[in-house]
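Below is one structure, written out as structure tokens, with a few remarks after it.
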Amino acid sequence: MNLSKILKNVFLVVIFGLIVTACATKKSVKTTTESTTTTKAAETQKADPIEKLDALMQGDVYIGSDTVGELASGVPDRVFFATNETILTTASRETLRKQAAWLRQNPDVTVVVEGHADERGTREYNLALGERRANAAKDYLMTYGVSSDRIKVLSYGKERPVDSGSNPLSWSKNRRSVTVKAN
Amino acid sequence: MKKNLFLIILFYVILKPSISFSLVEIDITRGNLDPMPISVSPFFSDRITDENIKKNLNIENLGLEISRVIENNLEKTGLFDAIEKEAFLQKPDIAHLKPRFEDWALIKSQVLITGKVTSKIINEKDYINVEFKLWDVLGAKMVDGFSLTTTPRSWRRVGHKISDKVYQRLTGESGYFDTRIIYVAEEGPKTQRIKKLALMDQDGFNTKYITLGSELVLTPRFNPANDKEITYMSYFRNMPRVYIVNLQTGKQKVVGDFRGMTFAPRFSPDGKKLIMSLAKDGNSEIWVRNLETNIQEKLTDHPSIDTSPSYSPDGKFITFNSDRSGYQQIYVMRSDGSKVKRISFGKGIYGTPVWSPRGDLIAFTKLHKGKFFIGVMRTDGTGERLLTENFYQEAPSWSPNGRIIIFYRETKTDDKGQGFSAKLWSIDLTGYNERLVSTETDASDPSWSSLLGN
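Each protein sequence line maps, in turn, to chains W and X.
Residues in the first sequence are numbered from 17 upward in steps of one, following this note's numbering.
Residues in the second sequence are numbered from 72 upward in steps of one, following this note's numbering.
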């Protein structure tokens, strides 16, 4: 093994280390995708989960279907958020419009919108964040014609994760608001 | 000037031994790498006492047990090194009357604690009298001691009170052993955690569960002015609200009449007010409620998340965290809500500020580069010091003497989502002496009481 090869290996190890560190921080996915090619060259086995992750998250918002239930047939029950964010994505707005349409068709139904956060924040802040997320969903349902007295908001903060993993994908599934029938 | 300084130092060195007791005082402002050797002799008791105590408590040798409580307390400070009892050359009863100091010096003990337990019957009720003496081995004299009478089942508290006296005598700081910790006991899988309020002695004994686990409970905190009272947050009937509980009567009441979720409660230092957050319509603000007049008032007014408020010990200021700058940071304001000032400017996000009972520092949680830190800073935000780093930890709470911080730490789960745990830990303000605080179950959200009253 010559010196340049050793240096190259050291470099790859360093890069991989950086990726691992980056995964724990906010802009994790971007960094991960950018460095995928380097990692692939180093270790093809490691590249697979990263590509898979890419298909399940956009930015760090979950876009997969795991854990997603139905409020009614063809109406997903939940929307997902980016770290520390309460902004509704295009996909989230589409889900909420479906929920609003169904709720308009079923005027007797009342719902609880549960707001949740991932485990990477302090408990009290996450309670507030969950409340903010649930209200973001509630406000959107209201703009599509569901009256506010049919929607209760309940923040669980980080107390009720759906995925018990300690990784960016698990966290993305836990940053959510879920619309649940209350009657 | 230099010469003067030299003279002052010389003067100090020469005079110090004669102006204080010869007993070496411990400097607890530094990490103590050289703990003081100490001997805690088993407390002596006569045969009648032993029989009475066996009948009352089913304990064979209460004097030995009390000495172990003291030993354990002192060792956990990291400042003392308890010498094995097998090495002791003198019998407990004789040592308590008058130690043979040469024998204790021989086993390198600098300090000796002796005592005596006597059972008593007053008005047909059983009591124990415990006498204790603190001896300076090198100075060959008794330096402190007391005697107290209590019910047999309070025997551990006697051990804690003695520990407090010894700690105070040897460090010059008030102790923190006769205290309790209220926390959230946790069980079950991470996705369906069952949480109960639990109360225990500072050393992990006498655990009592205050709630049954039928509803989610979070963030219990002692009233600093009344150790029989706590505040916490409960999801009773799916209405997350702040409650106050009397630990003696078990009576509890919801605090205030708010539309929306109340959370993050803390008492004022005099126990007469409660500060908390109210989340309503997507915005969290800090409120104060006067518990005597029932008048409540909003203190912050900002569209960001304002939460985790904590009073300064003089009650004049409140520290809290807010994401009004974009990320969670620590702020200080006057207790009427005026003069809001950001104090945290380091890299990362900051939360859960808690004012030290000594008033000079604020403990906090910090998230930076995917790691969680517990740290302290001065109340103007300068002098930030990070005490401990881990995958996840938060919720610092101060010992009543402001020397130790207790917090909780969660472990990272593996690929299958297994291996989760939550435990209480403590660390000295020096950043040394990090310790697991033993609890019967998993635990989080600790709050340390003031020194207990009677």
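All C-beta atoms in this analysis are idealised placements derived from N, C-alpha and C, irrespective of residue type, glycine included.
Residue i classed as buried or exposed, judged by whether at least 16 other C-beta atoms fall within 10 angstroms
i: Leu270 of chain X; result: buried
i: Leu133 of chain X; result: buried
i: Pro92 of chain W; result: buried
i: Leu160 of chain X; result: exposed
i: Glu157 of chain X; result: exposed
i: Glu195 of chain X; result: exposed
i: Arg118 of chain X; result: exposed
i: Phe203 of chain X; result: buried
i: Gly181 of chain W; result: buried
i: Thr60 of chain W; result: For Thr60 of chain W, the pLDDT reaches just 42, beneath the cut-off of 50, and the residue's location in the model is therefore unreliable, leaving the point undetermined.
i: Glu50 of chain W; result: In this prediction, Glu50 of chain W scores a pLDDT of 38, lower than 50, which makes its location untrustworthy; no coordinate-derived value is stated.
i: Lys43 of chain W; result: Interpretation of Lys43 of chain W is limited by its pLDDT of 37, a score under 50 that renders its predicted location unreliable; the figure taken from the coordinates is listed afterwards. Exposed: under 16 other Cβ atoms inside 10 Å.
i: Lys46 of chain W; result: Its pLDDT being 38, under 50, Lys46 of chain W is placed unreliably by the model, and the measurement read from it follows with that caveat. So Lys46 of chain W ends up on the exposed side.
Nearest residue (CA-CA) to residue i, options the options
i: Tyr280 of chain X; options: X:Val316, X:Ser245, X:Gly246 and X:Ala296; result: X:Val316
i: Phe388 of chain X; options: X:Ile477, X:Asp328, X:Tyr247 and X:Thr450; result: X:Thr450
i: Leu283 of chain X; options: X:Asn277, X:Lys267, X:Asp298 and X:Asp274; result: X:Lys267
i: Asn354 of chain X; options: W:Asn183, W:Asn199 and W:Asn142; result: W:Asn142
i: Gln489 of chain X; options: X:Glu481, X:Ile376 and X:Ile265; result: X:Glu481
i: Arg139 of chain W; options: X:Tyr479, X:Glu286 and X:Thr120; result: X:Tyr479
i: Thr530 of chain X; options: X:Ala350, X:Ile192, X:Gly417 and X:Glu363; result: Since the first residue of chain X shown is 72 and the last is 525, residue 530 of chain X is not available in this structure.
i: Arg192 of chain W; options: W:Arg149, W:Thr126 and W:Arg113; result: W:Arg149
i: His373 of chain X; options: X:Phe203, X:Lys232 and X:Asp394; result: X:Asp394
i: Arg456 of chain X; options: X:Phe462, X:Ala466, X:Ser381 and X:Ile445; result: X:Ile445
i: Arg330 of chain X; options: X:Thr120, X:Arg337 and X:Met310; result: X:Met310
i: Ala152 of chain W; options: W:Thr83, W:Ile79 and W:Thr195; result: W:Thr195
i: Arg94 of chain W; options: W:Asp76, W:Gly75, W:Gln115 and W:Asn100; result: W:Gln115
i: Thr159 of chain W; options: W:Ala98, W:Ser89 and W:Arg113; result: W:Arg113
i: Phe307 of chain X; options: X:Met332, X:Asp486, X:Tyr238 and X:Trp358; result: X:Met332
i: Gly419 of chain X; options: X:Ile401, X:Val326 and X:Phe338; result: X:Ile401
i: Asn525 of chain X; options: X:Phe276, X:Ala296, X:Trp175 and X:Asn129; result: X:Ala296
i: Asp207 of chain X; options: X:Met448, X:Lys344 and X:Phe172; result: X:Phe172
i: Tyr238 of chain X; options: X:Asp352, X:Pro467, X:Val214 and X:Leu209; result: X:Val214
i: Ser81 of chain W; options: W:Leu185, W:Asn199 and W:Leu145; result: W:Leu185
Chain W contact residues for residue i, given Cβ-Cβ distances below 9 Å
i: Thr436 of chain X; result: Thr138
i: Leu289 of chain X; result: Arg139, Glu140, Leu143, Gly173 and Glu175
i: Thr423 of chain X; result: Thr138, Arg139, Glu140 and Tyr141
Span of the alpha helix (DSSP H), counted from its first residue to its last, around residue i
i: Ala116 of chain W; result: Thr106 to Gln121
i: Pro184 of chain W; result: Pro184 to Asn190
i: Ile178 of chain X; result: From DSSP, Ile178 of chain X is part of no alpha helix (DSSP H); its letter is neither H nor E.
i: Ser234 of chain X; result: Trp226 to Thr242
i: Lys147 of chain X; result: Leu133 to Lys147
i: Leu205 of chain X; result: Run containing Leu205 of chain X: none in the alpha helix (DSSP H); it sits in the beta strand (DSSP E), Lys196 to Asp207.
i: Gly502 of chain X; result: Premise fails: Gly502 of chain X is in no alpha helix (DSSP H) and is neither H nor E.
i: Gly422 of chain X; result: No alpha helix (DSSP H) contains Gly422 of chain X, which is instead part of the beta strand (DSSP E) from Ile420 to Trp426.
i: Met158 of chain W; result: Arg139 to Thr159
Span of the beta strand (DSSP E), counted from its first residue to its last, around residue i
i: Ser393 of chain X; result: Phe388 to Ser393
i: Asn167 of chain W; result: Reading the sequence as shown, one finds Ile at residue 167 of chain W and not Asn. Taken as a continuous stretch (DSSP letters only), the beta strand (DSSP E) holding Ile167 of chain W covers Ile167 to Gly173.
i: Leu128 of chain X; result: First-last for Leu128 of chain X: Arg118 to Leu128, but that is the alpha helix (DSSP H), not the beta strand (DSSP E).
i: Arg337 of chain X; result: Met332 to Phe338
i: Tyr463 of chain X; result: Tyr463 to Trp469
i: His132 of chain W; result: Val127 to His132
Partner residues on chain W for residue i, Cβ-Cβ distance less than 8 Å
i: Thr262 of chain X; result: Arg176, Pro177, Val178, Asp179 and Ser180
i: Glu294 of chain X; result: At residue 294 of chain X the sequence reads Asn, which differs from the Glu that was named. In chain order: nothing, as chain W lies at least about 19 Å away.
i: Ile154 of chain X; result: Chain W residues near Ile154 of chain X: none, gap ~42 Å exceeds 8 Å.
i: Ser379 of chain X; result: Thr138, Glu140 and Tyr141
Chain X contact residues for residue i, given Cβ-Cβ distances below 8 Å
i: Arg94 of chain W; result: The premise fails here: Arg94 of chain W is roughly 15 Å from chain X at the closest Cβ pair, so nothing lies under 8 Å.
i: Glu135 of chain W; result: Tyr463 and Glu481
Interface residues of chain X facing residue i [CB-CB closer than 7 Å]
i: Asn151 of chain W; result: Asp352 and Gly353
Within chain W, the residues that residue i reaches when beta carbons sit closer than 7 Å
i: Phe114 of chain X; result: Within 7 Å Cβ-Cβ: nothing; Phe114 of chain X doesn't reach chain W, min ~43 Å.
i: Asn309 of chain X; result: Leu170
i: Ser234 of chain X; result: Here the premise fails: no neighbours, minimum Cβ distance about 32 Å.
i: Lys484 of chain X; result: At residue 484 of chain X the sequence reads Thr, which differs from the Lys that was named. Simply Ser180, Gly181 and Ser182.
i: Ala514 of chain X; result: Result: empty, since nearest Cβ-Cβ is about 13 Å, beyond 7 Å.
i: Gln399 of chain X; result: Tyr141
Cross-chain neighbours of residue i in chain X, by beta carbon under 9 Å
i: Arg148 of chain W; result: Ala350, Gly353, Asn354, Ser355 and Ile376
Beta carbon proximity, residue i to chain A, threshold 8 Å
i: Ala466 of chain X; result: The structure shown contains no chain A; the protein chains it does contain are W and X.
Could you tell me whether the segment 209-220 of chain X touches the segment 256-276 of chain X, using the rule of 3 or more Cβ pairs below 8 Å? no
Per the contact definition of three or more C-beta pairs closer than 8 Å, is the segment 97-114 of chain W in contact with the segment 297-306 of chain X? no
Taking 8 Å as the threshold, find out whether the segment 103-115 of chain X comes into contact with the segment 145-154 of chain X through three or more Cβ pairs. yes
Contact between the segment 159-170 of chain X and the segment 178-187 of chain X: three or more CB pairs below 8 Å? yes
The segment 124-140 of chain W touching the segment 171-179 of chain W, judged by at least three CB pairs closer than 8 Å: yes
Would you check if the segment 135-142 of chain X and the segment 222-230 of chain X touch, i.e. whether three or more CB-CB distances between them fall below 8 Å? yes
Determine, using beta-carbon pairs with one atom in the segment 467-477 of chain X and one in the segment 421-438 of chain X, whether at least three such pairs fall under 8 Å. The count of Cβ pairs closer than 8 Å, one atom from the segment 467-477 of chain X and one from the segment 421-438 of chain X, reaches three, so the stretches are in contact.
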